[in-house]
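**Student:**
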Amino acid sequence: MNLLYLSDVFCPWCYGFVPVMRRILADHPELSVRVLGGDLVEVPRMLSEMKGSREFFTRLATTAGQPVDAFLKALDGAGSGGPDWRMHSPEAGAALVALKVLAPGHEAEQMEAFQHGLYGEGRDVLAPAVQHALASRWGVDAAAFDAALADRNVRERAERETAEALAIMGEFRLYPTLYLEGNGARELLARGYVPYETVRAKLDAALAGERGTVAEGAACGLDGGCS
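With the sequence shown counted from 1, adding 207 to any position gets you the numbering used here.
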């Protein structure tokens, strides 16, 4: 059996969900995890467009215990003397697939690294230098990463993975979303940001063959608008 994690580099609550996923994977080392990238920023947007979201990110930090000070500093400066980053989910998804190809077996950590680079460290994760630094954590050099990123097969795989994620979610396109897969079946565990204890209880019940209600929590866009 394995976990299926649907996430997006630019999803704020996915960044908030990082400690939850980390603990779940530590609790169940027997479970591998498959990560599919999302489409939260299907049309490119600029960092400066998020300037009205400060209160939301403060709330996220309080709720999830994840640092956002570096990101807020970058946000304050965007378009006001500081760099204004471009955000685009398909490009981030392609970079993650390149890493999957070059350093397989670390999908959850690689997604986490990009999210932490953005929201935890306040870095432009679409910048080549930042991507090279992230890739180096898995022993991938810049030339190999750039070659994989330019490979049409990698780009097409990234598109297929996003399409698969959207097909699985159907009309409920919420990130993060977590499933348990196995024996030809898929059990939905959680949609949106859900605390560790709730996710752990739901997963343990699913592993025991019990079915119950889906754990649902906050799922927000870049502007902090939540469902």
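The beta carbon of each residue, even a glycine, is placed where N, CA and C say it ideally should be.
Roughly how many angstroms separate the alpha carbons of residue 338 and residue 302, rounded to a whole number?
**Tutor:** Numbered from its first residue, the sequence shown carries residue 338 at position 131. Numbered from its first residue, the sequence shown carries residue 302 at position 95. Each residue's Cα considered, the two are about 8 Å apart.
**Student:** Would you give the residue range spanned by the alpha helix (DSSP H) that residue 356 belongs to?
**Tutor:** Here residue 356 corresponds to residue number 149 of the sequence shown, with the count starting at 1. That run of the alpha helix (DSSP H) goes 349-357.
**Student:** Contact defined as beta carbons within less than 8 Å: I believe residue 474 pairs with residue 304. What is the distance between those atoms, to the nearest angstrom?
**Tutor:** Here the chain has residues from 208 to 434 only, and residue 474 is not among them.
**Student:** With a CB to CB cut of under 6 Å and the five nearest residues on each side skipped, what residues in its chain are close to residue 298?
**Tutor:** What you label residue 298 is simply residue 91 of the sequence shown in a count that begins at 1. 333, listed in sequence order.
**Student:** Please report how far the alpha carbon of residue 209 lies from the alpha carbon of residue 344, in whole angstroms.
**Tutor:** Start at 1 with the first residue of the sequence shown, and residue 209 comes out as number 2. Start at 1 with the first residue of the sequence shown, and residue 344 comes out as number 137. Answer to the nearest angstrom: the Cα atoms are 24 Å apart.
**Student:** Taking the beta carbon of residue 361 as the centre, do at least 16 other beta carbons fall within 10 Å, making it buried, or is it exposed?
**Tutor:** Position 154 of the sequence shown holds residue 361. Buried, because 16 or more other Cβ atoms sit within 10 Å of the Cβ of residue 361.
**Student:** Residue 259: which of 290, 285, 240, 234 sits nearest, CA to CA?
**Tutor:** The sequence position of residue 259 within the sequence shown is 52, counting from 1. Selected option, being the one with the closest Cα: 285.
**Student:** Ordered along the chain, which non-local residues of its own chain (more than five positions away) have a Cβ less than 7 Å from that of residue 280?
**Tutor:** Taking the first residue of the sequence shown as 1, we reach residue 280 at position 73. Correct list, in chain order: 329.
**Student:** Where does residue 415 sit, in a helix, a strand or coil, going by DSSP?
**Tutor:** Position 208 of the sequence shown, counted from the start, is the residue given in the question as residue 415. Three-state result, residue 415: coil.
**Student:** Do residue 412 and residue 419 count as a contact pair if the criterion is CB distance below 7 Å?
**Tutor:** What you label residue 419 is simply residue 212 of the sequence shown in a count that begins at 1. What you label residue 412 is simply residue 205 of the sequence shown in a count that begins at 1. A contact, by the Cβ cut-off of 7 Å.
**Student:** Along the chain, where does the beta strand (DSSP E) containing residue 244 start, and where does it finish?
**Tutor:** Locating residue 244 in the sequence shown gives position 37, where the first residue counts as 1. Residues 239-244.
**Student:** Taking the straight line between their C-alpha atoms, what separation do you get for residue 390 and residue 378?
**Tutor:** As a position in the sequence shown, residue 390 is number 183, starting the count at 1. As a position in the sequence shown, residue 378 is number 171, starting the count at 1. If I take the Cα positions, the gap works out to 25 Å.
**Student:** Look up residue 388 in the DSSP assignment and say whether it is helix, strand or coil.
**Tutor:** As a first step, residue 388 must be located in the sequence shown, where it is residue number 181. Three-state DSSP puts residue 388 in a strand.
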